[in-house]
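Q: Going left to right, the sequence shown walks through residues 1 to 393 as my numbering numbers them.
Encoded as structure tokens, here's the structure I'll be asking about.
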Amino acid sequence: MMENKRPKTILFICNEINYNIYNRRSAIDSILLSVLINLSDNHNILVNGIELDVSSSKKASDPPSSMGIKAMITSMIPKRIKERLKMRRLLKNSDNLRKDLEGRGFNKIDYVFELYKLGSSCGPALAKYYNAEYVLYYDSPVVEQYEDIWGISVPEKSKMELAQKRAISNADRIICYSNPVKDYLMGLGAKGRISIFQSLDYSRLTPMSRTIEQDVINIGFIGSFMHWHRVDLLIRAFDEIYAKNPNLKLYLIGSGETFIKDKQLANSLKSNKAIIFTGFVDGERLNHYKSILHIGVMPGSNWYGIPTKVFEYSMIKIPSIAPDTPTIKDIFDNGENIELFEWENYESLVAVLQDLITDENKRAEIGKKAFDFVGNNLTSDKSKEFYDSLFFE
Numbered sequence: 001m002m003e004n005k006r007p008k009t010i011l012f013i014c015n016e017i018n019y020n021i022y023n024r025r026s027a028i029d030s031i032l033l034s035v036l037i038n039l040s041d042n043h044n045i046l047v048n049g050i051e052l053d054v055s056s057s058k059k060a061s062d063p064p065s066s067m068g069i070k071a072m073i074t075s076m077i078p079k080r081i082k083e084r085l086k087m088r089r090l091l092k093n094s095d096n097l098r099k100d101l102e103g104r105g106f107n108k109i110d111y112v113f114e115l116y117k118l119g120s121s122c123g124p125a126l127a128k129y130y131n132a133e134y135v136l137y138y139d140s141p142v143v144e145q146y147e148d149i150w151g152i153s154v155p156e157k158s159k160m161e162l163a164q165k166r167a168i169s170n171a172d173r174i175i176c177y178s179n180p181v182k183d184y185l186m187g188l189g190a191k192g193r194i195s196i197f198q199s200l201d202y203s204r205l206t207p208m209s210r211t212i213e214q215d216v217i218n219i220g221f222i223g224s225f226m227h228w229h230r231v232d233l234l235i236r237a238f239d240e241i242y243a244k245n246p247n248l249k250l251y252l253i254g255s256g257e258t259f260i261k262d263k264q265l266a267n268s269l270k271s272n273k274a275i276i277f278t279g280f281v282d283g284e285r286l287n288h289y290k291s292i293l294h295i296g297v298m299p300g301s302n303w304y305g306i307p308t309k310v311f312e313y314s315m316i317k318i319p320s321i322a323p324d325t326p327t328i329k330d331i332f333d334n335g336e337n338i339e340l341f342e343w344e345n346y347e348s349l350v351a352v353l354q355d356l357i358t359d360e361n362k363r364a365e366i367g368k369k370a371f372d373f374v375g376n377n378l379t380s381d382k383s384k385e386f387y388d389s390l391f392f393e
């Protein structure tokens, strides 16, 4: 089917300062790198103007060190002033990226494919400049996400909201991952075709054998320690259940802004010896921890968050527990391929976790159905088919 169609040139862009798509600590970058690698089989891919380097995809990239005199000086600036300066720098960076990519004078750009980030004005302008179709990958409502992360109103808010609306309304096609997010986009004036597809990092979705211990039940969280992920909720729920079930272990796998606070909480509890903090791991170490889990937990999210780790748990038949947020309810079927608890409700999490701990048959059934769901609908081949059809039409 593809033989008679010429390869397209896709200019993938992201206006994030010092953007690095090879950063495997970032879930969204890992996901989109996986997508672009698949597309590179049939298309020419440029990442912010530079040819995609497939060989770099297997190398984990660490964020820059926060140590040094510059970081120390920056830490002394009041938060609101620091954030306002950062937003101005971001807007300037977006403008500079647009000018740079226009100045390259590429012979033919067929598609401008943008991961939309806060403050970007690049996509519509570059699509117009190169007379290309504009495809928008919409990962989150960026203004709301900023305020979720930082707990303050986004500086230059009106400019940020206007830039987001302009991108959404000018996109020829938009990719998002749930009906609630689609409804949000429609409310902001989306006119192009919206496709719902759960894009994943397929390098982390390989089936593997599991080592199921009989005398202990291993519960796990894998992900970033952000406040909306509510690792603290899981720690407290585990501690309550552990008092009656001392054959439990809790593995907290990852790092992030609440890591130290969550570790301090765990150290203050009677169950602390059974709570293992691994820090960030990847590759074989990550696979080892996955292989020993009986239950995977996503203890918190926001209304729009895609449950990336639940897909990973599912691919190796680990039954998952997650909050009943609009997006998660839209993707999964409660009681079939996942167990949901009432969002932000501690007692509900305790009840669902206790139920799954004590019912081995239910764990096996949910794990099998989750595996079937992901294996039948969210494979690398299906992703390749989806994106090839998107860019070859």
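Every residue gets a Cβ at the ideal spot worked out from N, C-alpha and C, and that includes glycine.
Computed from a predicted structure; not experimentally measured.
Which one or two residues does DSSP pair with S320 in a beta bridge?
A: Note: S320 sits in a beta bridge opposite G296.
Q: Roughly how far, in whole angstroms, is the beta-carbon of D324 from the beta-carbon of F341, given that I think they are within contact range, below 8 angstroms?
A: The pair is a contact, with the Cβ atoms about 7 angstroms apart (cut-off 8 angstroms).
Q: Answer with buried or exposed for L400, where buried requires no fewer than 16 other C-beta atoms within 10 angstroms of its C-beta.
A: Past the boundaries of the shown model lies residue 400; the chain is included only from 1 to 393, so the question cannot be answered.
Q: Could you spell out where the alpha helix (DSSP H) holding C122 opens and where it closes?
A: Counting along the chain, the alpha helix (DSSP H) containing C122 begins and ends at C122 to Y129.
Q: Which same chain residues, not among the five before or five after S406, have their C-beta less than 8 angstroms away from its C-beta?
A: Absent from the structure is residue 406, since the part of the chain shown begins at 1 and ends at 393.
Q: Pull up the CB-CB distance for V281 and I253, whole angstroms please, since I reckon it's below 8 angstroms.
A: Their Cβ separation, rounded to whole angstroms, is 6 angstroms, which keeps V281 and I253 in contact under 8 angstroms.
Q: To the nearest angstrom, how far is the alpha carbon of S127 from that of Q354?
A: For the sequence presented, residue 127 should be read as Ala rather than Ser. Using only the alpha carbons, I get a separation of about 52 angstroms.
Q: Could you tell me which residues DSSP pairs with F341 in its beta bridges?
A: Looking at the DSSP assignment, F341 forms a beta bridge with P323.
Q: What is the residue span of the beta strand (DSSP E) that R395 lies within?
A: Nothing about residue 395 can be reported from this structure: the residues present for the chain run from 1 to 393 only.
Q: Out of G335, V112, L52 and M87, state which residue places its alpha-carbon closest to the alpha-carbon of G119.
A: Among G335, V112, L52 and M87, the Cα nearest to that of G119 is on M87.
Q: Considering only the beta carbon of each residue, do K263 and D239 sit closer than 8 angstroms?
A: Contact flag unset, no.
Q: Which residue wins for smallest C-alpha separation from P155, given the options K82, E284 and N93?
A: Measuring from the Cα of P155, the nearest candidate turns out to be K82.
Q: Tell me which residues share the same chain as N376 and place their Cβ nearer than 6 angstroms to its Cβ, disregarding the 5 neighbours each side in the sequence.
A: Cβ neighbours of N376 beyond the five flanking positions: none.
Q: How would you label I394, buried or exposed, when you count the other beta carbons within 10 angstroms and need 16 or more for buried?
A: Outside the shown range of the chain, which is 1 to 393, sits residue 394, and nothing can be said about it.
Q: Below 7 angstroms CB to CB, which residues in the same chain sit around I196 once its five sequence neighbours on both sides are set aside?
A: Correct list, in chain order: C176, Y177, S178, N179 and K182.
Q: If you scan the segment 246 to 284 from start to end, which runs of the alpha helix (DSSP H) of 4 or more residues do you find wholly inside it?
A: Listed in chain order, the complete alpha helix (DSSP H) runs (minimum 4 residues) inside the segment 246 to 284 are 259 to 267.
Q: Between the C-alpha atoms of I17 and D95, what's the straight-line distance to the nearest angstrom?
A: The straight-line gap from Cα to Cα measures roughly 11 angstroms.
Q: Which partner residues does I194 have in the DSSP bridge list?
A: In the DSSP output, where bridge partners are listed per residue, I194 has I174.
Q: So is T358 buried or exposed if we call it buried at 16+ other beta carbons inside 10 Å?
A: Exposed, by the Cβ-count rule.
Q: Are there 16 or more other CB atoms within 10 angstroms of the CB of M160, so buried, or fewer, so exposed?
A: M160 comes out buried.
Q: Alpha carbon to alpha carbon, how far is L476 from N247?
A: Since the first residue shown for the chain is 1 and the last is 393, residue 476 is missing from the structure and cannot be characterised.
Q: Got a sec? Which residues, its chain only, sit under 8 angstroms from V231 by beta carbon, not counting five neighbours each side?
A: F221, F225, L252, T258, D262, P299 and G300.
Q: If you count every other CB in all the chains shown that lies within 10 Å of the CB of Q164, and 16 or more means buried, which is it?
A: Classification of Q164: buried, given that the 10 Å Cβ count is 16 or more.
Q: Please name the residue in K99, I276 and Y138 whose C-alpha comes closest to that of L188.
A: Among K99, I276 and Y138, the Cα nearest to that of L188 is on Y138.
Q: Applying the 10 Å Cβ sphere with the 16-neighbour rule, what's the burial state of G223?
A: The residue is buried, with at least 16 neighbouring Cβ atoms inside 10 Å.
Q: Report all residues from its chain with a CB closer than 7 angstroms to the CB of C122; omit the five preceding and five following residues, and keep chain order.
A: Closer than 7 angstroms at the Cβ level, and outside the excluded window around C122, lie I13, N15, S94, L97, R98 and E114.
Q: Could you give the DSSP three-state label for N44: helix, strand or coil?
A: In this structure, N44 counts as strand in the three-state DSSP scheme.
Q: From G367 to I318, what does the alpha carbon distance come to, in whole angstroms?
A: Answer to the nearest angstrom: the Cα atoms are 5 angstroms apart.
Q: From the DSSP secondary-structure annotation, give me the bridge partner or partners of F113.
A: In DSSP, F113 forms a bridge with F12 and V135.
Q: Mind checking which residues open and close the beta strand (DSSP E) that includes F221?
A: From DSSP, the beta strand (DSSP E) with F221 extends over I217 to I222.
Q: Which residues in the same chain have their Cβ closer than 6 angstroms to the Cβ of F332, if we skip the five residues on either side of it in sequence?
A: Cβ neighbours of F332 beyond the five flanking positions: I338.
Q: Return the first residue and the last residue of the alpha helix (DSSP H) that I37 is part of.
A: Counting along the chain, the alpha helix (DSSP H) containing I37 begins and ends at A27 to L39.
Q: Mind reading off the beta-carbon distance from K249 to N218? Whole number of angstroms is fine, and I expect it under 8 angstroms.
A: Going by Cβ atoms, the distance from K249 to N218 rounds to 5 angstroms, so yes, they are a contact pair.
Q: Cα separation between S383 and V35?
A: Cα-Cα distance, rounded: 7 angstroms.
Q: Considering only DSSP beta bridges, list what E51 is partnered with.
A: BP columns for E51 point to L46.
Q: N179 bridges to which residues according to DSSP?
A: According to DSSP, N179 bridges with nothing at all.
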